[in-house]
Amino acid sequence: MNNEYIIKGGRPLVGEVSISGAKNAALGIIAASIMADEPVTIENLPCVSDVEVLVSTIEEIGAKVNWTDSHTVTINGSTIKNFCVENDYIRKIRASYYILGALLGKNHSVEVAFPGGCNIGSRPIDQHIKGFEALGAKVSIAHGMIQANAEDLVGNHIYFDVSSVGATINVMLAAVLAKGKTIMENVAKEPHVVDVANFLNSMGANIKGAGTDVIRINGVERLHGTDYSIIPDMIEAGTYMIAAAATKGDILIKNVIPKHLEAVSAKLAEIGCDIQEFDDSVRVIAKARLSHTHVKTLPYPGFPTDMQPQITTLLALSEGTSVVTESVFENRFKFVDELARMGATIKIEGNTAIIDGVNKFSGASMLAPDLRAGAALVIAGLAAEGVSEVGSIEFIERGYETFDEKLRSLGGEIKKIPADDEDEMRRFLLKAV
Numbered sequence: 000m001n002n003e004y005i006i007k008g009g010r011p012l013v014g015e016v017s018i019s020g021a022k023n024a025a026l027g028i029i030a031a032s033i034m035a036d037e038p039v040t041i042e043n044l045p046c047v048s049d050v051e052v053l054v055s056t057i058e059e060i061g062a063k064v065n066w067t068d069s070h071t072v073t074i075n076g077s078t079i080k081n082f083c084v085e086n087d088y089i090r091k092i093r094a095s096y097y098i099l100g101a102l103l104g105k106n107h108s109v110e111v112a113f114p115g116g117c118n119i120g121s122r123p124i125d126q127h128i129k130g131f132e133a134l135g136a137k138v139s140i141a142h143g144m145i146q147a148n149a150e151d152l153v154g155n156h157i158y159f160d161v162s163s164v165g166a167t168i169n170v171m172l173a174a175v176l177a178k179g180k181t182i183m184e185n186v187a188k189e190p191h192v193v194d195v196a197n198f199l200n201s202m203g204a205n206i207k208g209a210g211t212d213v214i215r216i217n218g219v220e221r222l223h224g225t226d227y228s229i230i231p232d233m234i235e236a237g238t239y240m241i242a243a244a245a246t247k248g249d250i251l252i253k254n255v256i257p258k259h260l261e262a263v264s265a266k267l268a269e270i271g272c273d274i275q276e277f278d279d280s281v282r283v284i285a286k287a288r289l290s291h292t293h294v295k296t297l298p299y300p301g302f303p304t305d306m307q308p309q310i311t312t313l314l315a316l317s318e319g320t321s322v323v324t325e326s327v328f329e330n331r332f333k334f335v336d337e338l339a340r341m342g343a344t345i346k347i348e349g350n351t352a353i354i355d356g357v358n359k360f361s362g363a364s365m366l367a368p369d370l371r372a373g374a375a376l377v378i379a380g381l382a383a384e385g386v387s388e389v390g391s392i393e394f395i396e397r398g399y400e401t402f403d404e405k406l407r408s409l410g411g412e413i414k415k416i417p418a419d420d421e422d423e424m425r426r427f428l429l430k431a432v
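If you count the sequence shown from 1, position 15 lands on 14 in numbering that gives the first Met the number 0, and the numbers rise without skipping.
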């Protein structure tokens, strides 16, 4: 059944919210867990559809999976006998390719369905293939499947042409069980890359340099079981920071690593938010209309591309003219047409958005084009006057745990209802008045 969010905007979001585990770290860690032939327990998993799909997929190929609760799972990869991964679900998520690196490292032979995910621009896997081939694998693509085979994986010196999170994690997975030393240069430095490396090290891998430009790996013969807790999700945290700013609210965002949020915190402070940092929480207060700025998305520690739709939405409500440059993905401004329905004034020129801030948004009916843009449209609805509908929320549920519940706990008037259920919508509106 297709669901949508119905939102009555105009109320400041106030209160406390706890951040879930990082989706992007969780997907790499789940894939890595099947490389051991002993039980691996992963804690602080986010309860989102991408995680559910990946766990179901590894269970389908033979891994033993035991959920302790909705955020804790124990996985044992010793029983995997099927190294061909193809089902309708796995084609829908981008991180399906991590199974490629994990099983190539473990089994030296694997076949995985070509990855899907959000349509936010070209995301080729050429750097993944380059890395696998450097380790001695033969890689081919045919009939929507990627095949990788190697007699032996042998460490090598690999220079990535572009800094890619996916390629960094994927090649790292394969390299930890390769013979000898692998040096990976121009790697991604995102916190979730570091988290996957720390997880692999807790399983007995020998990885140094994660979080810097160069990762050095000494191959080991086997990986063992471990217990590991995933880092907080910096993009979920950043989304609630923007929600506080857009609704002129006051939110304490708990269970975060403030250092991971510095790029977002700096921009919000620059345009007039009061940002208070604590050991494991951040408070965002916005009492008045905010001012304009320029934003350019860059790999970590720059401003995250996954926060671009949210900050663009905020700046569309801020005073003056702002410029947002998207330097990572070329299709990431598709949501701007939806914001225009609410009264936003945004002009797209190539990879740049020129934003003339307006005083207010008016409620509208919109469709989420992808995960992060969907979250941005929900923020727009919460800040707008009147009632908004956001459809295609299956995109949003790929990466945000109980999004509507957490927003309601902050005073947001939002409800998930079946699409086109007019009776349920009327009940919501009567209650919201």
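Idealized CB from N, CA, C, for every residue including glycine.
- DSSP places residue 365 in the uninterrupted beta strand (DSSP E) bounded by 364-366.
- Taken in chain order, the unbroken stretches of beta strand (DSSP E) that lie wholly in the stretch 193-264 and span 3 residues or more are 205-207, 213-217, 225-228, 249-253.
- Put simply, of 21, 256, 350, 284 the residue whose alpha carbon is nearest the alpha carbon of residue 294 is 350.
- A distance below 6 Å between beta-carbons, with the five flanking residues on each side excluded, links residue 299 to the following residues of its chain, in chain order: 188, 189.
- Counting only runs of at least 4 residues, the stretch 287-370 fully encloses the following alpha helix (DSSP H) elements, listed from N- to C-terminal order: 307-314, 335-339.
- Taking the Cα of residue 407 as reference, the smallest distance to any Cα among 385, 422, 381, 419 is reached at 381.
- Just so you know, the alpha carbons of residue 320 and residue 409 end up roughly 30 Å apart.
- Our two residues, residue 154 and residue 229, have alpha carbons roughly 28 Å apart in a direct line.
- Taking the Cα of residue 85 as reference, the smallest distance to any Cα among 77, 98, 8, 76 is reached at 98.
- Residue burial is scored here from C-beta neighbours: residue 156 has fewer than 16 other C-beta atoms within 10 angstroms and is therefore classed as exposed.
- For residue 55, the enclosing alpha helix (DSSP H) begins and ends at 48-59.
- The Cβ atoms of residue 138 and residue 162 do not sit closer than 9 Å to each other.
- By the Cβ-count criterion, residue 221 is exposed, with fewer than 16 other Cβ atoms from all chains shown falling within 10 Å of its own Cβ.
- Straight through space, the alpha carbons of residue 272 and residue 286 are spaced by roughly 8 Å.
- Residue range 402-408 is occupied by the alpha helix (DSSP H) that includes residue 404, with no beta strand (DSSP E) assigned at that position.
- Judged by beta-carbon spacing, residue 166 lies within the 9 Å limit of residue 129, meaning their Cβ atoms are closer than that value.
- For residue 396, the three-state secondary structure derived from DSSP is helix.
- For residue 3, the enclosing beta strand (DSSP E) starts and ends at 2-7.
- With at least 16 other beta carbons inside 10 angstroms of its own, residue 231 counts as buried.
- Under the DSSP assignment, residue 156 falls in the beta strand (DSSP E) whose first and last residues are 156-158.
- Between residue 390 and residue 3, the beta carbon gap of about 4 Å places them in contact (Cβ cut-off 8 Å).
- With a cut-off of 8 Å on Cβ pairs, the stretch 15-25 is not in contact with the stretch 62-69, counting fewer than three such pairs.
- Residue 129: not part of any beta strand (DSSP E); member of the alpha helix (DSSP H) spanning 125-133, first to last residue.
- Inter-segment contact for the stretch 367-382 and the stretch 301-315 is present: three or more beta-carbon pairs are separated by less than 8 Å.
- Excluding residues up to 5 positions away in sequence, 101, 172, 195, 198, 199 lie with their Cβ nearer than 7 Å to the Cβ of residue 31 in the same chain.
- Linking residue 18 to residue 41 through their CA atoms gives a straight-line distance of about 17 Å.
- Under DSSP, residue 14 shares a beta bridge with 250.
- The residues 388, in chain order, have a CB closer than 6 Å to that of residue 364 in the same chain once the five nearest residues on each side in sequence are set aside.
- A straight-line Cα-Cα distance of about 26 Å links residue 355 and residue 235.
- Collapsing the DSSP output to three states places residue 422 in a helix.
- When only Cα atoms are considered, residue 411 and residue 428 end up about 13 Å apart.
- Per DSSP, residue 65 lies in no alpha helix (DSSP H); the unbroken beta strand (DSSP E) holding it starts and ends at 63-68.
- The C-alpha of residue 324 is placed about 12 Å away from the C-alpha of residue 330.
- Distances from the alpha-carbon of residue 398 to those of 233, 240, 279, 315 put 233 closest.
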